[in-house]
Structure formats: structure tokens, C-alpha cells
Amino acid sequence: MDLFEARQLVVPGATPNAKDQSLVYAVNDISFHPVHGTFSTCDARTRLKTFEAAPRPISATTFNRNGTIFAYAVSYDWSKSHSGMTPGHPNKLMLHACKDDEVKRRPKK
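In the numbering used here, the protein residues as written are 12 to 120.
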């Protein structure tokens, strides 16, 4: 599915019927590991695969130049318009020391 097809799935103000119960999230960012070529994406959900849930959406991610540190921003991403913005929730920059098993490609099944 490309970006154009994803846009067609979500019609603002439309109520999905029983067969259209898929949730579609916009991708806020994608970053590639500089050594292994694996990647991370982030969206309006508040969880990275192996991490604890974040208090707000994850809006940006990146790896340092040798891939040993993964940085991600926890902040409001405007996915729910101005009504979803809650003043008083601080933006945070989080750093995670990467382990090889978290960033290496998984063997094909």
C-alpha cells in the first residue's frame, strides 16, 4: 500500500462500517540503523515495540552515527488537531542504549 492508497482509506468525518474496522495511523518519522540497515517508525500510538508505553505520541526518532544510541521525541503530534493538545504535558527527548538483538535483522522464517 502506498501513501495515496492509505489516504483513500481514511475519509474525514466518515463512520467506518463493520468491514472497514481497520485503524490507520500516519507515520510521523522513519529512521534507519547506520550499521544493520534496520529501521524504526513512529506514529500517533504511544508505544515503541520493545519499550514501555510513552505518555504521549512519539513524534521523531533517530540513531546516532554508529547506531549505539536510539533517540526519540515524546510530544504531541497534532494527530487529534488542537483539541488533543494538553498544555502541561512536557515534551521529552528520550535516549536508549541499543542492544544488538534489538537492532539486528531477524532471520527469515
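A virtual CB, placed ideally from N, CA and C, is assigned to each residue, including glycine.
- For D112, the enclosing alpha helix (DSSP H) starts and ends at D111 to V114.
- Per DSSP, T97 lies in no beta strand (DSSP E) and is assigned neither H nor E.
- If you draw a straight line from the Cα of S90 to the Cα of S70, it comes to about 10 Å.
- In the three-state scheme derived from DSSP, where H, G and I count as helix and E and B as strand, Y87 is classed as coil.
- With contacts defined as CB atoms closer than 8 Å, A108 and I80 qualify as a contacting pair.
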